[in-house]
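For the sequence shown, counting from 1, position 393 maps to 393 in UniProt numbering; every step adds exactly one.
Just so you know, even glycine gets a beta-carbon here, dropped at the ideal spot from N, CA and C.
Here is the structure we will look at.
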Amino acid sequence: MLLCRISLVSQTLPRWGRRSQRGGGLLLRAVSFSSSRCHGVSSGEGSAQPAESGSGQGQYRDTVLLPKTDFPMKLTGQKLLDKELEIQQDCKFADLYSWQRERKAKKEFCLHDGPPYANGDPHVGHALNKILKDIRNRFEMLRGRQVHYVPGWDCHGLPIELKALGELGTSGLSPLQIRQKAREFAEGAIARQMAAFQRWGVMADWDQCYYTFDGAYEAAQLKVFQEMHSKGLIYQDYKPVFWSPSSRTALAEAELEYNAEHVSRAIYTTFPLATLPPNITKEAGLDSVSVLVWTTQPWTIPANQAICYMPNAQYSVVKRLDNSELLLVATERTANMAALLGTELEVVSTFTGSQLEGGICKHPTIPSKEVPLLPANHVTMAKGTGLVHTAPAHGMEDYSVASQFKLSVDCIVNEDGKFTELAGPELHNLSVMNEGTDRVISMLKECGSLVKEERCVHSYPYDWRTKQPVVIRPSKQWFINTASLKDKAKEALQKVRVLPESARSSLLAMLDRRTYWCISRQRSWGVPIPVFYHRETGEALINKHTVSHVAQLFKEKGSDCWWELPIETLLPAAVLKKSKAGPVGDYIRGEDVLDIWFDSGASWSDSRADAYVEGKDQIGGWFQSSLLTSVAVRNKAPYKSLVVHGFAVSEKGEKMSKSLGNVVDPDVVINGGKDPSTPAFGADVLRWWVAESNVFSEVQIGPNALNSARDSISKVGLRLLPAELNRIE
Numbered sequence: 001m002l003l004c005r006i007s008l009v010s011q012t013l014p015r016w017g018r019r020s021q022r023g024g025g026l027l028l029r030a031v032s033f034s035s036s037r038c039h040g041v042s043s044g045e046g047s048a049q050p051a052e053s054g055s056g057q058g059q060y061r062d063t064v065l066l067p068k069t070d071f072p073m074k075l076t077g078q079k080l081l082d083k084e085l086e087i088q089q090d091c092k093f094a095d096l097y098s099w100q101r102e103r104k105a106k107k108e109f110c111l112h113d114g115p116p117y118a119n120g121d122p123h124v125g126h127a128l129n130k131i132l133k134d135i136r137n138r139f140e141m142l143r144g145r146q147v148h149y150v151p152g153w154d155c156h157g158l159p160i161e162l163k164a165l166g167e168l169g170t171s172g173l174s175p176l177q178i179r180q181k182a183r184e185f186a187e188g189a190i191a192r193q194m195a196a197f198q199r200w201g202v203m204a205d206w207d208q209c210y211y212t213f214d215g216a217y218e219a220a221q222l223k224v225f226q227e228m229h230s231k232g233l234i235y236q237d238y239k240p241v242f243w244s245p246s247s248r249t250a251l252a253e254a255e256l257e258y259n260a261e262h263v264s265r266a267i268y269t270t271f272p273l274a275t276l277p278p279n280i281t282k283e284a285g286l287d288s289v290s291v292l293v294w295t296t297q298p299w300t301i302p303a304n305q306a307i308c309y310m311p312n313a314q315y316s317v318v319k320r321l322d323n324s325e326l327l328l329v330a331t332e333r334t335a336n337m338a339a340l341l342g343t344e345l346e347v348v349s350t351f352t353g354s355q356l357e358g359g360i361c362k363h364p365t366i367p368s369k370e371v372p373l374l375p376a377n378h379v380t381m382a383k384g385t386g387l388v389h390t391a392p393a394h395g396m397e398d399y400s401v402a403s404q405f406k407l408s409v410d411c412i413v414n415e416d417g418k419f420t421e422l423a424g425p426e427l428h429n430l431s432v433m434n435e436g437t438d439r440v441i442s443m444l445k446e447c448g449s450l451v452k453e454e455r456c457v458h459s460y461p462y463d464w465r466t467k468q469p470v471v472i473r474p475s476k477q478w479f480i481n482t483a484s485l486k487d488k489a490k491e492a493l494q495k496v497r498v499l500p501e502s503a504r505s506s507l508l509a510m511l512d513r514r515t516y517w518c519i520s521r522q523r524s525w526g527v528p529i530p531v532f533y534h535r536e537t538g539e540a541l542i543n544k545h546t547v548s549h550v551a552q553l554f555k556e557k558g559s560d561c562w563w564e565l566p567i568e569t570l571l572p573a574a575v576l577k578k579s580k581a582g583p584v585g586d587y588i589r590g591e592d593v594l595d596i597w598f599d600s601g602a603s604w605s606d607s608r609a610d611a612y613v614e615g616k617d618q619i620g621g622w623f624q625s626s627l628l629t630s631v632a633v634r635n636k637a638p639y640k641s642l643v644v645h646g647f648a649v650s651e652k653g654e655k656m657s658k659s660l661g662n663v664v665d666p667d668v669v670i671n672g673g674k675d676p677s678t679p680a681f682g683a684d685v686l687r688w689w690v691a692e693s694n695v696f697s698e699v700q701i702g703p704n705a706l707n708s709a710r711d712s713i714s715k716v717g718l719r720l721l722p723a724e725l726n727r728i729e
């Protein structure tokens, strides 16, 4: 009930706060003061009338000294909105934060604001998050603490860049022109969001907000970058990354959405065994065995470099009774294969996976190419044949095998998601996800290697901005070695209070799955990675001297100077001398920018926040990027506690979507819509909805929830106000 009533208290605190030192009844007096001091309530002093004579029903009416007010019991429509705005102005809502910062307090409570993305109008998810934070802050203030809450905005990244440019695209525009348009778009979104947050009654330091596109912020971010680089935690490498052809940039795990309804053309195909493994050459009838593999990505077959097996598993050579073909599959998968192929499979021989060592297969579509059979820990028996097609350039686990056995990692896919010349003339320039897949399957049919094709519905990564599928391809990028930070991060997380506690396991699981973090992006709107490359060798020049100099320039001029200033200013002679580098003419500036999760993840200050409060999507996002950067630089978590709340959903429990027509606009909730079914509820109803919700699950909102919140406010007002007015001192 306490949190619910704070919704009403939000309209009273600035003026009554100075009276609170008298003692108890603080929360209750808040309601009474709203009605008395701001709405013309008379205390009744000196207004007593002689008691009525006789014994009528109203004979004691004038002996009860109750305050009187012209504040109406019920307001609707525009009158409600006008009264709310009047209260905000008369009670000086805007002064509340500065007032409580000025008062004496033994302890400070710091809630560090996770920066919302400056790419659109405020939505109901913002309302849930910001109001929940405000409730927590006001609660801590009522406990006598001095609240520190500085709002922030995440201002860089592709979504802003794309929306700013609209249909213009980047063709013909310089990086500075793109950045100017993106900045203007972000500034407009920030203004709209800030106005909404203030209308919702959020108490904050609105004059000192932080923005990730501010020069001072960017300079501080580069300081974090440099400290991590000097510790060997940031490095450049050529390895597979999630690549978005629709955005033409590398993506981090946190920038992916997994589409559970993605449909792939999965295939079973054979690789003829050219050289039998030494340990099974004496087995009879194995002269024409083919290794059967399964993949949901047929386009990667031309990039195959090996076939992996599980060393401790059992494998069998089976004979198809319908055509006498000999196939090598895992013994455990034999029954599934028989059902799939629609024929009986007769076991010819069985042996352990370790006996496959030394076997070599012929590539089905590249006759001159041979691929080895190799052991690997990632092979499972859950699906497929128990033998895994391995294309190191286009798979994370495949790349690990390549690193162990020194396999080639040649990339056959360009930035647009099309086959390169390395894939051969038949495939060159074909889109790998569309006609390229068609052609590879046709090639397998033509050479007699295609055993079966099937439609496979499965979870597949999509670019969260463009909603298009991604591919895995190798490229030269900048990475954070999260594997070396993982244990420290886990240890630091054990000292953090997590609400709900069940979210802790998700945080730990996310850390386990992330062995490296790709932090470079091939875009214009972001913080440039402060690196210079040698014109001839391509060697990167980056050290504490170069980064510190660039950071100082960013602090003074903003990061636009990376493109505005001549390289002689970015890389002056003094810095070159300290770096023991050659003449400035030997170098060019880098073109990549930092991942926005690194932007926002470096927002922690030298102090440690008491709490971070964000939605569950930040378990793999801001919570994690903040933890990793803070542990890397300071050996501790940036927060003492985490509050992880659910998403706002429709009253049917559905994700809000314009196509479904179930989006709830907080502005319409407050001010009403054109439709009579969307009345003006005012800000307090929106706040009450948050306060009475179970925020640790999905939070439903719609007409029923809002009407219930309005009724609850009315009932509380009717029950509490007369009694509370007597408490005015």
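Open item on the list: Let me make sure I understand the geometry here. Which of Arg473, Leu85, Thr482, Val317 has the alpha-carbon closest to that of Arg513?
Closed with: Here residue 513 corresponds to residue number 513 of the sequence shown, with the count starting at 1. The shortest Cα separation from Arg513 among Arg473, Leu85, Thr482, Val317 belongs to Thr482.
Task: Closest Cα partner of Gly653 within the set Ala164, Asp684, Gly702 - done: As a working note, residue 653 is residue 653 in the sequence shown. Considering only alpha carbons, the answer is Gly702.
Task: Alpha-carbon to alpha-carbon, Val413 and Ser431 - done: Numbered from 1 along the sequence shown, position 431 holds the residue referred to as residue 431. Numbered from 1 along the sequence shown, position 413 holds the residue referred to as residue 413. The straight-line gap separating the alpha-carbon atoms of Ser431 and Val413 is approximately 9 Å.
Open item on the list: For a test of the three-state rule: what should DSSP assign to Ser232, helix, strand or coil?
Closed with: What you label residue 232 is simply residue 232 of the sequence shown in a count that begins at 1. Per the sequence presented here, residue 232 reads as Gly, with Ser not at that position. Looking at Gly232 - three-state DSSP - the assignment turns out to be coil, as it is neither helix nor strand.
Task: Backbone secondary structure at Tyr516 - three-state DSSP - done: Working through the sequence shown from its first residue, we reach residue 516 at position 516. Three-state result, Tyr516: coil.
- [ ] Kindly say whether Ser290, judged by its beta-carbon, lies nearer than 7 Å to any beta-carbon of chain C.
- [x] Looking for chain C here will not work: only one protein chain is present.
Open item on the list: Can you tell me where the alpha helix (DSSP H) holding Asp599 begins and where it ends?
Closed with: The residue you call residue 599 lines up with position 599 of the sequence shown. 596–601 is the span of the alpha helix (DSSP H), which, as asked, contains Asp599.
Task: C-beta atoms of Gly585 and Ile529 nearer than 7 Å - done: Residue numbering aside, residue 585 sits at position 585 when the sequence shown is read from its first letter. Residue numbering aside, residue 529 sits at position 529 when the sequence shown is read from its first letter. No, the pair does not count as a contact, with Cβ atoms beyond the cut-off.
TODO: Provide the residue span of the alpha helix (DSSP H) that contains Asp487, from first to last.
DONE: What you label residue 487 is simply residue 487 of the sequence shown in a count that begins at 1. Taken as a continuous stretch (DSSP letters only), the alpha helix (DSSP H) holding Asp487 covers 482–493.
Open item on the list: Quick check on DSSP: helix, strand or coil for Tyr60?
Closed with: In the sequence shown, residue 60 corresponds to position 60, counting from 1. In the structure shown, Tyr60 sits in coil (DSSP, three-state: anything other than H, G, I, E or B).
TODO: Would you tell me roughly how many angstroms separate the C-alpha atoms of Leu570 and Ile301, rounded to the nearest one?
DONE: Counted from its first residue, the sequence shown places residue 570 at position 570. Counted from its first residue, the sequence shown places residue 301 at position 301. Going from the Cα of Leu570 to the Cα of Ile301 covers about 45 Å.
Task: 8 Å CB neighbourhood of Leu660 in its chain, flanking five on each side removed - done: On the sequence shown, position 660 is the one that residue 660 refers to. If we look at Leu660 and ignore the five residues flanking it on each side, its Cβ neighbours are Ser650, Glu654.
Open item on the list: Going by beta-carbon coordinates alone, are Ile519 and Val531 separated by less than 7 Å?
Closed with: Walking along the sequence shown from the start, residue 519 turns up at place 519. Walking along the sequence shown from the start, residue 531 turns up at place 531. Going by C-beta atoms, Ile519 is not nearer than 7 Å to Val531.
Task: Endpoints, the alpha helix (DSSP H) within which Val401 is located - done: Counting from 1 along the sequence shown, the entry for residue 401 is found at position 401. Segment 396–405, the alpha helix (DSSP H) holding Val401.
TODO: Would you mind reading off the limits of the alpha helix (DSSP H) that contains Phe185?
DONE: Position 185 of the sequence shown holds residue 185. Under the DSSP assignment, Phe185 falls in the alpha helix (DSSP H) whose first and last residues are 175–199.
Open item on the list: Please state whether the Cβ-Cβ distance between Tyr149 and Leu111 is less than 7 Å.
Closed with: As a first step, residue 149 is located in the sequence shown; it is residue number 149 there, counting from the start. As a first step, residue 111 is located in the sequence shown; it is residue number 111 there, counting from the start. Closer than 7 Å, so yes.
Open item on the list: Cutting at 8 Å between CB atoms, please list the residues of its own chain near Arg192, excluding the five before and the five after it.
Closed with: Here residue 192 is taken as the residue at index 192 of the sequence shown, counted from 1. Result list for Arg192: Asp121, Pro122, in chain order.
Task: Burial state of Val690, where buried means 16 or more other Cβ atoms lie within 10 Å - done: Here residue 690 is taken as the residue at index 690 of the sequence shown, counted from 1. Buried: at least 16 other Cβ atoms inside 10 Å.
Task: First through last residue of the beta strand (DSSP E) which encompasses Pro272 - done: Looking up residue 272 in the sequence shown gives position 272. It spans 256–275 - the beta strand (DSSP E) in which Pro272 sits, taken as one unbroken run.
Task: Enclosing beta strand (DSSP E) for Lys525 [first to last residue] - done: Within the sequence shown, the letter at position 525 stands for residue 525. Before going further, note that residue 525 is Trp rather than Lys in the sequence given. Neither: Trp525 is in no beta strand (DSSP E) and is coded neither H nor E.
Open item on the list: According to DSSP, is Leu28 part of a helix, a strand, or is it coil?
Closed with: For this step, residue 28 is matched to residue 28 along the sequence shown. Confidence at Leu28 is low in this model, with a pLDDT of 29, below 50, so the placement of that residue should be treated as unreliable; the coordinate-derived value is given next. Leu28: helix per DSSP, three-state reduction.
- [ ] Kindly identify the DSSP beta-bridge partner or partners of Phe479.
- [x] As a first step, residue 479 must be located in the sequence shown, where it is residue number 479. Answer is Tyr235, Cys518.
Open item on the list: With a threshold of 7 Å on Cβ separation, who are the neighbours of Ala683 within its own chain once the five nearest residues in sequence on each side are excluded?
Closed with: Position 683 of the sequence shown, counted from the start, is the residue given in the question as residue 683. Once the five neighbours on either side are set aside, the close Cβ partners of Ala683 are Glu84, Arg199, Trp200, Gly201, Ile670.
Task: Close Cβ partners of Cys456 (< 6 Å) along its chain, the five nearest in sequence each way excluded - done: Translated into positions along the sequence shown, residue 456 becomes position 456. Excluding sequence neighbours, Cys456 sits near Ser264, Ala266, Thr296.
TODO: Under 8 Å Cβ to Cβ from Lys133, same chain only, skipping five residues before and after it: list those, please.
DONE: Mapped onto the sequence shown, residue 133 falls at position 133. Here the set comprises Leu111, Asp113, Tyr149, Val202, Val613.
TODO: Examine the Cβ distances between the region 490–505 and the region 201–219 and report whether three or more of them are shorter than 8 Å.
DONE: no
Open item on the list: Mapping the DSSP letters down to three states, classify Gly615 as helix, strand or coil.
Closed with: Locating residue 615 in the sequence shown gives position 615, counting from the first residue. In the three-state reduction of the DSSP assignment, Gly615 falls in the strand class, which pools E and B.
Task: Inter-residue spacing [alpha-carbon to alpha-carbon] between Val241 and Leu251 - done: Taking the first residue of the sequence shown as position 1, residue 241 is located at position 241. Taking the first residue of the sequence shown as position 1, residue 251 is located at position 251. Here the C-alpha atom of Val241 lies approximately 7 Å from the C-alpha atom of Leu251.
- [ ] Report the rounded CA-to-CA distance for Glu357 versus Thr365, giving the unit in angstroms.
- [x] To locate residue 357, count along the sequence shown from 1; it is residue 357. To locate residue 365, count along the sequence shown from 1; it is residue 365. CA-CA distance, Glu357 to Thr365, rounds to 23 Å.
- [ ] Along the alpha helix (DSSP H) that carries Tyr97, what are the first and last residues, could you check?
- [x] On the sequence shown, position 97 is the one that residue 97 refers to. Where Tyr97 is concerned, the enclosing alpha helix (DSSP H) stretches over 96–102.
Task: Distance between Asp610 and Arg136 (C-alpha atoms, nearest Å) - done: Taking the first residue of the sequence shown as 1, we reach residue 136 at position 136. Taking the first residue of the sequence shown as 1, we reach residue 610 at position 610. Distance between the alpha carbons of Arg136 and Asp610: 11 Å.
- [ ] Could you tell me if Gln404 is buried or exposed, where buried requires 16 or more neighbouring beta carbons within 10 angstroms of its beta carbon?
- [x] If you number the sequence shown from 1, residue 404 lands on position 404. Exposed, by the Cβ-count rule.
Task: Inter-residue Cα distance where the pair is Val664 and Glu161 - done: Here the question's residue 664 lines up with position 664 in the sequence shown. Here the question's residue 161 lines up with position 161 in the sequence shown. Using only the alpha carbons, I get a separation of about 26 Å.
Task: Bridge-paired residues (DSSP) for Leu326 - done: For the purposes of this step, residue 326 is taken as residue 326 along the sequence shown, with counting starting at 1. Bridge partners of Leu326: Val289, Lys319.
TODO: Spatial neighbours of Ala260 within its chain, please: CB distance less than 7 Å, with the 5 preceding and 5 following residues excluded, ordered by chain position.
DONE: Against the sequence shown, residue 260 aligns to sequence position 260. Taken in chain order, the residues that qualify are Ser459.
Task: Cross-strand partners of Leu627 (DSSP beta bridge) - done: Here residue 627 refers to the residue found at position 627 of the sequence shown. For Leu627, which the question treats as bridged, DSSP gives no partner whatsoever.
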